[in-house]
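Reviewing the structure listed below.
Residue numbers (the numbering used here), protein chains in the order written: chain A, 1 to 423; chain B, 1001 to 1423.
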């Protein structure tokens, strides 16, 4: 099935906003085994919109149009859709009532220009939008089925999942049940994970398992799409595959599905009623900033200390008398972590010390990371050297620190070589 | 002049990466008064690439193609460009020598597959790439001039500015000299700034001044594009306009052009040989993380302290004996800032305390921010209330804290009402 995406709006066309809706749509379809063939971006202009709709209607089987469903005069999608399909616009009374109810529940009166959002090409199929006033709809233009979606990302995502993907799967004759399983890892590069998971798709004799990746440094997302004729079959196919992924990627899996590294760490501490102190240097508060604002963090996170100056760190954790030799070492990290734990009365402490190379920022600029995790029972530490410039080292050090804490809390080895370190 | 953009690559088409190159190109052209009319996104596929080139070549006057100039077999831009233009590919000896030199200077031998990057359609005009091995080029396809650019953002940006914009301006017959002046502000919404700057474009009798905005919460960027027949005329037109912007936006301008708020703060401290301590609660290390990793920060930033727990903050700044009443107030912020200054031996301290509303995250969830700046001479404080959900409040509080410090260091009033606060 040939699928196209048309993104509309002057703000997108002029680059005022980065078009993340395109990748959102495209990724969501990929997750369900549907592939986008062509993308078009046009502004809020009648002539170009009409041309874009007509050209896509000649090329594609299905077209997803994003944007232009709002109440203002530059929102043109319904009008041009009707024109391209040779239909009249008609007031959809049901949607009008829905909108009036939407405003009533927020103790507001619907402004008159919102009425425009209930004007749909006659005969168009309504695509529900439970979280906004923009009414999605579907109709045929040329040889293609067109699906019109709102520009607000939250509304788009929901309509895609609940209204559009099922219709596309049905149009394409694809098997009905599908599930996307996601694993998040840190420390293994994409090609390494790809090699580790070789043959995974063949574990299920009948097929229907597809492997994909999305790298967003420092983390890698491994995606397993499983298709079957019903949910039961999907679960049966998924079970051995996900066990195998867990076995092969092992300690490197930091979270699954919608979970995050910081969420996993926070939860592991919370369930044991543990508390945490964090000491950072060049990571600059990046570790703290991923944890501290999360709901529930106020009960777990005791204190974060940030400084590039070891003398300041020493003073902040009550080590004024101690000499840390002024240099970053595992011993220094251990001393700092243990002292931070005591100074803040936290049960656990993480200290991440970074010695950045001298000189201007460049692609091979590196840093030496010494980190330690202190608990009531012991102090463990790890050293790593990373290259890749200031930002790369900073992000890598923050991730390594959080991930080593995750490993410690889960009883896994804190020291395990990762692909991003150099010796 | 009708300009189109074609973005190529499976990673972009499948949404694996968000296509920020499109907005980068489009914005850059807008900055020079050039408007993009149509965008196309296609994958690494010969047939669709050829169709995309041919269709754009029939519609447009100029087309910028991004991506597909790399050394691997899925990089197809030169091949398909030659086919669409009816030309042969020829080895460009000059570019080959450039690449060999590129590798030699990095003490590496050029891999054989890089040779492909020097194969250009015969007669194509070379567009220089001083920072990479992908050779840009220009040629005619259909009725349009095509400009082929690399997918690496850093290489793209440089080629756009130095090679492509001048050629487009010349093609479009636009006046030769152009300058983009940028002002960054915090605290005034886009429509407010738009109103404050009403009539600005008319200050210059002959015209050639264009006003634009780019909002990225919490900051707003105000862009002034000035055109003239030469640089002297541009400077003459710009002078009264930029003075007027500075007058009308006044204290709200936090930086100009490539400068940033954190950079301005760091520099203001560094020139006075001042040093800084920062105490944060719900902003979670976000303020520290914007300052601490910057070059030069190691000499200025003494210590950052992060905790959601006022008792921990008290202990961290040596106020164990003092009762802060357990609540967020300007008095508490002042006490904490002054104590942090002393505890860290910093000349200045910023304390940003946030009391977040109770309950689940929602669009009207708010926070009360009390912040203080302490210096050797005095302590000043400011209170603000913001709504908009957890993330909105967190970002707003961090920005307000840094901006109040900027105001203090520049001798401006720290308390001045902003559009984002509610009473």
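Backbone N, C-alpha and C fix where the C-beta goes; we use that ideal spot for every residue, glycine too.
Taking Cβ positions only, does residue i come closer than 9 angstroms to chain A?
i: residue 1037 (chain B); result: yes
i: residue 1361 (chain B); result: yes
i: residue 1063 (chain B); result: no
i: residue 1013 (chain B); result: yes
i: residue 1394 (chain B); result: yes
i: residue 1019 (chain B); result: yes
i: residue 1278 (chain B); result: yes
i: residue 1007 (chain B); result: yes
i: residue 1302 (chain B); result: yes
i: residue 1023 (chain B); result: yes
Have a look at the options and flag the residue whose alpha-carbon is nearest the alpha-carbon of residue i.
i: residue 1207 (chain B); options: B:1184, B:1234, B:1213, B:1215; result: B:1234
i: residue 1190 (chain B); options: B:1241, B:1221, B:1166; result: B:1221
i: residue 154 (chain A); options: A:106, A:20, A:351; result: A:20
i: residue 1111 (chain B); options: B:1100, B:1120, B:1167; result: B:1100
i: residue 186 (chain A); options: A:18, A:346, A:102, A:253; result: A:253
i: residue 1016 (chain B); options: B:1028, B:1043, B:1379; result: B:1043
i: residue 262 (chain A); options: A:230, A:297, A:247; result: A:297
i: residue 1168 (chain B); options: B:1383, B:1030, B:1341, B:1359; result: B:1030
i: residue 243 (chain A); options: A:232, A:5, A:203, A:422; result: A:203
i: residue 1048 (chain B); options: B:1080, B:1420, B:1205; result: B:1080
i: residue 1357 (chain B); options: B:1331, B:1336, B:1386; result: B:1386
i: residue 1376 (chain B); options: B:1171, B:1341, B:1278, B:1092; result: B:1341
i: residue 1037 (chain B); options: B:1339, B:1084, B:1063; result: B:1063
i: residue 286 (chain A); options: A:56, A:304, A:271; result: A:304
According to DSSP, simplified to helix, strand and coil, what is residue i?
i: residue 398 (chain A); result: helix
i: residue 1247 (chain B); result: helix
i: residue 1007 (chain B); result: strand
i: residue 1121 (chain B); result: strand
i: residue 108 (chain A); result: coil
i: residue 1403 (chain B); result: helix
i: residue 1 (chain A); result: coil
i: residue 1066 (chain B); result: strand
i: residue 293 (chain A); result: coil
i: residue 382 (chain A); result: strand
i: residue 1410 (chain B); result: coil
i: residue 1374 (chain B); result: strand
i: residue 429 (chain A); result: Outside the displayed span of chain A (1 to 423) sits residue 429 (chain A), for which this structure offers no information.
i: residue 212 (chain A); result: strand
i: residue 228 (chain A); result: strand
i: residue 358 (chain A); result: coil
i: residue 274 (chain A); result: coil
i: residue 1140 (chain B); result: strand
Would a check of beta-carbon distances place residue i closer than 9 angstroms to chain B?
i: residue 16 (chain A); result: yes
i: residue 295 (chain A); result: yes
i: residue 291 (chain A); result: yes
i: residue 44 (chain A); result: no
i: residue 219 (chain A); result: no
i: residue 174 (chain A); result: no
i: residue 30 (chain A); result: yes
i: residue 316 (chain A); result: yes
i: residue 164 (chain A); result: no
Can the beta-carbon of residue i be found closer than 9 angstroms to that of residue j?
i: residue 283 (chain A); j: residue 390 (chain A); result: no
i: residue 1306 (chain B); j: residue 1281 (chain B); result: yes
i: residue 405 (chain A); j: residue 265 (chain A); result: yes
i: residue 1237 (chain B); j: residue 312 (chain A); result: no
i: residue 410 (chain A); j: residue 214 (chain A); result: no
i: residue 217 (chain A); j: residue 401 (chain A); result: no
i: residue 292 (chain A); j: residue 1308 (chain B); result: yes
i: residue 256 (chain A); j: residue 182 (chain A); result: yes
i: residue 1098 (chain B); j: residue 1122 (chain B); result: no
i: residue 1107 (chain B); j: residue 1004 (chain B); result: no
Is residue i near the ligand MG, with its Cβ less than 8 angstroms from a heavy atom?
i: residue 1347 (chain B); result: With respect to the ligand MG, the structure shown offers nothing to examine, as it has no ligands at all.
Near residue i, what residues of its chain come up, given a Cβ to Cβ distance below 8 angstroms and the 5 sequence neighbours on each side ignored?
i: residue 129 (chain A); result: 135, 136, 150, 155, 158, 159
Return the chain-ordered list of same chain residues with a C-beta closer than 7 angstroms to the C-beta of residue i, the five sequence neighbours on each side being excluded.
i: residue 1210 (chain B); result: 1033, 1201, 1225
i: residue 1163 (chain B); result: 1127, 1128, 1136
i: residue 1419 (chain B); result: 1187, 1188, 1189, 1192
In chain order, what residues of the same chain have a beta carbon less than 6 angstroms from the beta carbon of residue i, not counting five sequence neighbours either side?
i: residue 274 (chain A); result: 347, 348
i: residue 67 (chain A); result: 8, 9, 151
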